[in-house]
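For the sequence shown, the working numbering gives the first residue as 1049, with consecutive numbering after it.
Cβ atoms here follow ideal geometry from the backbone N, Cα and C, with glycine treated the same way.
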Amino acid sequence: MYKRKIDMDISSKVRKRIKVIRLNKKLSQGDIAKILAVHSTYISQIERGIRNPTLRNIERIAKALGVPPSKLLK
């Protein structure tokens, strides 16, 4: 149970950081989706907590946002 709470906290932080950075850079979900060659609903689902991106996709999203992956994970 404790581990699950930690996982949820990390997931929640990552998705919120993705959205904040994306909005600060004035990028739409569609803009990020195009860069990653995924459907915009994938980005939407990540930001809403429906999907959890893999570490590889966190790395790709960070690159698309122009930030180091550590900025999304800390």
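Endpoints, the alpha helix (DSSP H) within which residue i is located
| i | result |
| --- | --- |
| L1121 | 1117-1121 |
| I1094 | 1088-1096 |
| G1114 | Premise fails: G1114 is in no alpha helix (DSSP H) and is neither H nor E. |
| K1074 | Per DSSP, K1074 belongs to no alpha helix (DSSP H) and is neither H nor E. |
Sequence-distant residues of its chain with Cβ nearer than 8 Å to residue i (five each side left out)
| i | result |
| --- | --- |
| G1097 | S1059, S1060, R1063 |
| Q1077 | R1070, S1088, I1091, S1092, E1095 |
Residue i and residue j closer than 8 Å at C-beta
| i | j | result |
| --- | --- | --- |
| L1084 | R1104 | no |
| K1067 | E1095 | yes |
Whole-angstrom distance between residue j and residue i, CA atom to CA atom
| i | j | result |
| --- | --- | --- |
| A1110 | D1057 | 19 Å |
| K1073 | V1115 | 11 Å |
| N1113 | I1080 | This sequence places Leu at residue 1113; Asn is not what is there. L1113 and I1080: Cα-Cα distance of roughly 8 Å. |
Residues near residue i in its chain [Cβ-Cβ closer than 6 Å; skip 5 each side]
| i | result |
| --- | --- |
| R1065 | L1120 |
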